[in-house]
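This note's numbering puts the first residue of the sequence shown at 610, with every later residue one more than the last. Worksheet: one structure, shown below.
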Amino acid sequence: GAAPADGERWRLVTSERGEPLGWRDAEGPDGDRAPLLPVRPLRDGDSLLTALDESLASPAGLVARVDADGVLTGVTGRDRIHEHAGRRHAEAGRAAALKNADEKNADEAPETAETGEGTTASDASVTA
């Protein structure tokens with residue numbers, strides 16, 4: 610059958626078992642007889658980079674996701690994948706900035722302050 614994808618133009622044609630067979634341009638001159646364009650579905654464990662690559666390679670700008678048996682579990686649009694990638698990139702940037710700030714603070718903080726008498730202010734035996 611043909612499963613509607615994001616929008617009306619592109620439809621993902623599936624087998625009777627629900628396996629993706631290809632994309633069909635429903636607005637093309639041949640309608641339901643239009644040739645199928647390739648689909649490379651994503652599986653569990655595929656990376657975000659793979660999803661981005663497939664969204665760019667797909668003529669529909671859509672990515673199909675399948676389960677371990679190859680049965681369709683969903684379709685995601687290019688914009689949604691790019692949004693998710695943007696959020697992940699921003700999160701990684703914030704985490705890196707926090708790590709760098711922590712490392713800089715650790716490097717700049719004096720471990721001990723010398724008293725000039727061979728002991729340090731951090732030594733438990735030093736009293737005021």
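Think of the CB as a built atom: it goes at the ideal place given N, C-alpha and C, for glycine as much as any other residue.
Within the stretch 668 to 725, the alpha helix (DSSP H) runs of at least 4 residues that lie entirely inside it are, in chain order, 687 to 717. Cβ contact annotation for Gly679 (same chain, cutoff 6 Å, sequence separation greater than five): Glu628, in chain order. A residue is called buried once 16 or more other Cβ atoms fall within 10 Å of its Cβ, and Pro668, having fewer, is exposed. Beta-bridge analysis with DSSP links Pro629 to Thr623. In the DSSP assignment, Ala635 falls outside any alpha helix (DSSP H) and carries neither an H nor an E. One Cα belongs to Ala715, the other to Arg703, and the distance between them is close to 18 Å. Per DSSP, Asp662 is one residue of the alpha helix (DSSP H) stretching across 657 to 666. Spanning the alpha carbons of Arg649 and Asp662 requires a straight line of approximately 11 Å.
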